[in-house]
Each structure stands twice: as structure tokens, then as C-alpha cells.
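Taking it in order: structure first as C-alpha cells, then the write-up.
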Ligand code: GUN
Ligand code: ZN
């Protein structure tokens, strides 16, 4: 028979459940060295086996390579690739000096389309197969992103950015037009293929109370919608929000009282929260996207992950490019490890990689589609070199324990280690060279 499915050979690593933080040997870790990952003609995972598969599978032999579920970046800005690595500012100045000017260019449909394609190809070339994305205020920027993700067969969550004040000309909407644009985009893209719409409030300072209420009403009308925003990232930002919303108990409360917190709400940062805010996140089912590279680069602060665990809300890890300086999830996990180390805690490779795969998938209510090698899930899969270059190779060679090997990989690898990525079982990206 002509082969219908695809079988990938390599060292398979995924998670069957959430691992603990401390235990380095953890039953949640599923490490199956030198196994075959079977992918059916429908692009779904058909199983994992030790034996060589039959002729119904086309075989790709990646023996000696690491195979992981595609990474999930739960907070990243498409237009900000143009300002990644911009010098010298904290959040509010960084927005005005670099970010808002770059986003203004996305009013032009040609810029938005080219930017969306470039951005999604960059994600795939970094081993990220799913993302929760901010485009710009311009309707066309969201369209372009959905269109480009659909062409690539990618799972994508995005929505037009809502901002009707405290932003330059060309980067503000108004409540009525924004509502029409959201409704139209939801009609045309939400639930189409692997796309979902997120009501996208940039952050409290750039929306009037009327716009926040409109955004909340959209969420209340359809529980299948996501919501994404920023919260409690920077101390000056927190002070500004307190001035703008004097009757709110806290920054988070600005969102809570409008009904913007729910199980499909993804809030980036959450550094400057208090215990009551954490309880609110847990009670509403909302989750935080921890953005360590961005938090370090912009000098925003150190996210308290153990407090989040104690409270019981979900935490994923995100690049927040261009506040973050790399789309590489490994780089971001390593920064996450360092941030937690500053608080006296140690993030295991298991906790880190789970947060970037199955953990994020489950928190996004996408655990039946992505995040692991469970049979029936769509095969969003990446093949990685265990080690590149003499230093990493020598380190890999002396590692004895599995956790030691994987932690060294997480610490020393980046997108240059990517061998291939697959989206729903189809080859999606070869590494970028040059
Ligand atoms: N807060 C509001 N907008 C932004 C943004 O674009 N990036 C980050 N890091 N924080 C924000
Ligand atoms: Zn952001």
C-alpha cells in the first residue's frame, strides 16, 4: 500500500499530567526514548510504539533527536517583531517610543499581511505551533493574522486590539466601531478551522470605561470567546491605573467588575498582584501568562509563581515579544527559571516544559486538541537537536539523569536546535538558516 500516515522516530517527551515542582523523578513525565510517533492521514496522533511501523506509514527517522509537542506561546505581539531588542526604557516609555509607532504601520493592509506571514513563520521556526496573539487596533491586522494562520493550518487565538484613549492618532478606535469590528471578526473567524477569537483589551489605561463594558458584554454573550489583556506589569502602570479607576479595588478589579475574567481569559504578567487578586483569578478560572524575558528586559519585576500555585490559578509561559527578546520558548523558560531562582525557588525542566505544552493547552481548554502525544490529538510536533555546538554537546554527553539532560537542553538550546516542525501532521517549518 502507499503510505498514508507518517511515523517519526526519536526520543519522545511529553506529559500525562502536571508534574510537581520538586520531584525530579515524576510519574507525569512520559519519556519514551527511541520510539515511533504515529500520525494518521487525518493529521492526528495515532499512537506511540517501540516497534518499527508498517508500510502504511511513511517513516522519518530522527533517531537520537528529541521530539516534543509543539510549544504554546500564550502571549506575543505580532507587530512587535519590528521593535524587538529596543534599548533603554521601562514599559510606558517603551510603548510610546517604540511600540506605538511600529503598530501604526499596520493600518496598511499590505504591511499587516506581510507582517502576519513573517510572524507566523518565525513562530514555527522557533518550535511554537500555537499562540495567543495581539495584532494591532486595526481590523485588517487581525484579519491578516487569521488568514495567515488558516493557510498554515495553525491553532491561533487572536483578536483586534481595543484601545480608544491614551494612544496616538491612527492607533485609537471608538466604542461603536470597535464593537462592529469585533462582531464581524467573530462571525467570520471564531471557530473556523483552528482559529478562535479573543476579546483583546490592550490594558486598562488605553480603554475608556465604556469600552471595557463593551468588551465585557461581548464575553458575557458568548462563553466560547477568549479574552486577553495585560495586568499589573509595571509599578508606574499600576499607579496610573489607580488614578484612572479610583473606585476599583485593584488593577485586576478593573477587569473583574466588567466580567472580563473567566476560564478563557489570559492575563499577561500579573507581577504586582495581592492575595485577593490571586483568589479572584482562581475563582474566575482566569490564567496568567508569565513573561520572564519581557519582565527582565523592561525591568518590570519578578513574577511570584509559587504564590500562583498556592492560590491555584493556571500559569503558562510566554515570550511577550517585543517586550521579550526571544520567540524561543526554551530561552523564555530559562529566564523563567532565573526569575524564580531570584525568589529562592527552583523550576524543574518538567514544570517548565509542562507549562509550555500540556499545561497551557489545558488552561486554554484545548487539551483535547494539542499539548501532548495523547492519541487523537492533532499532531503539532517538533523535532529538536539535543545539542548543537561543542559546549552543549559536551554537556549533553556527560549528563546522566534524564532531568539533567533535559534541563541542560532547556538551558542551552534555542531555535537553532529545531530540526523540523509539524502542524497537524504536515511539515511546517525547517529551521531558518543564515
Ligand atoms: N501593556 C500594554 N501594552 C503592552 C505591550 O504591548 N507590551 C507589554 N509588555 N505590556 C503592555
Ligand atoms: Zn504584551
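Residue numbers (full-length UniProt numbering): 5 to 438. In this text, a Cβ means the ideal position worked out from N, Cα and C, and glycines have one as well.
Practice task
Could you tell me if the beta carbon of residue 138 falls within a distance shorter than 7 Å of some heavy atom in the ligand ZN?
Solution key: yes
Practice task
Reducing DSSP to helix, strand and coil, say where residue 91 ends up.
Solution key: coil
Handout entry: Residues near residue 396 by beta carbon distance below 6 Å, same chain, minus five either side
Key = 416
Problem - Buried or exposed by the 16-neighbour rule on C-beta atoms within 10 Å, applied to residue 200 - result: buried
Handout entry: Three-state secondary structure (DSSP) of residue 163
Key = coil
Handout entry: Candidates 134, 138, 130, of which the one nearest residue 439 by Cα
Key = Limits of the chain in this structure are 5 at one end and 438 at the other, which puts residue 439 out of reach.
Exercise for the section: Evaluate the contact criterion for the segment 387 to 403 versus the segment 336 to 352: three or more CB pairs, one atom per stretch, below 8 Å. Expected result: no
Practice task
Would you mind giving the Cβ-Cβ distance between residue 162 and residue 202, rounded to the nearest angstrom? I have them listed as a contact below 8 Å.
Solution key: 6 Å
Practice task
Just confirm the distance between the C-beta atoms of residue 237 and residue 304, as a whole number of angstroms; I'd bet it's less than 8 Å.
Solution key: 5 Å
Exercise for the section: Starting from the N-terminal side, write out each stretch of the alpha helix (DSSP H) that is 4 residues or longer and does not extend beyond the segment 30 to 103. Expected result: 95 to 98
Handout entry: Whole runs of the alpha helix (DSSP H) within the segment 401 to 426, excluding any shorter than 4 residues
Key = 406 to 416
Handout entry: Contact test: residue 327 Cβ vs the ligand GUN heavy atom, cutoff 7 Å
Key = yes
Exercise for the section: Tell me, to the nearest whole angstrom, how far the beta carbon of residue 104 is from that of residue 171; I am working on the premise that it is less than 8 Å. Expected result: 6 Å
Exercise for the section: Tell me whether residue 300 counts as near the ligand GUN, meaning its Cβ is closer than 7 Å to at least one heavy atom of that ligand. Expected result: no
Exercise for the section: Using only the heavy atoms of the ligand ZN, determine whether one of them is closer than 7 Å to the beta carbon of residue 142. Expected result: no
Handout entry: Local Cβ density within 10 Å of residue 287, reported as buried at 16 or more and exposed below that
Key = exposed
Problem - Contact set for residue 94: own chain, Cβ-Cβ below 8 Å, skip 5 residues either direction - result: 238, 240, 302, 303, 304
Handout entry: Three or more C-beta pairs below 8 Å linking the segment 371 to 386 and the segment 56 to 65
Key = no
Exercise for the section: Identify the continuous alpha helix (DSSP H) that holds residue 239 and give its terminal residues. Expected result: 239 to 248
Exercise for the section: Within the segment 145 to 212, note down every full alpha helix (DSSP H) run reaching 4 residues or more, in order along the chain. Expected result: 179 to 193
Practice task
Using 7 Å as the cut-off, classify the Cβ of residue 324 as near or not near the heavy atoms of the ligand ZN, replying yes or no.
Solution key: yes
Exercise for the section: Provide the residue(s) that pair with residue 230 in DSSP beta bridges, ordered along the chain. Expected result: 202
Handout entry: Burial state of residue 155, where buried means 16 or more other Cβ atoms lie within 10 Å
Key = exposed
Exercise for the section: Take residue 438 and list the residues in its own chain whose beta-carbon comes closer than 6 Å to its own, dropping the five residues that flank it on each side. Expected result: In this predicted model, residue 438 has a pLDDT of only 48, less than 50, meaning its place in the structure is not dependable; the value taken from the coordinates is given anyway. No residues qualify anywhere along the chain.
Handout entry: residue 106 to residue 46 span [Cα, whole Å]
Key = 40 Å
Handout entry: Segment contact, 8 Å Cβ cut-off, at least three pairs: the segment 307 to 322 with the segment 350 to 370
Key = yes
Problem - First through last residue of the beta strand (DSSP E) which encompasses residue 388 - result: 385 to 388
Practice task
Enumerate, from N- to C-terminal direction, the unbroken alpha helix (DSSP H) stretches of 4 or more residues contained entirely within the segment 321 to 379.
Solution key: 333 to 346, 353 to 359, 362 to 367
Handout entry: residue 307 Cβ short of 7 Å to the ligand GUN heavy atom set
Key = no
Handout entry: Between the CA atoms of residue 208 and residue 278 - distance to the nearest angstrom
Key = 18 Å
Problem - N- and C-terminal bounds of the alpha helix (DSSP H) containing residue 270 - result: Where residue 270 is concerned, there is no enclosing alpha helix (DSSP H), although the beta strand (DSSP E) it sits in stretches over 269 to 273.
Problem - Pairwise C-alpha distance: residue 14 and residue 38 - result: 5 Å
Practice task
Over the uninterrupted beta strand (DSSP E) stretch that includes residue 18, give me the two end residues.
Solution key: 9 to 19
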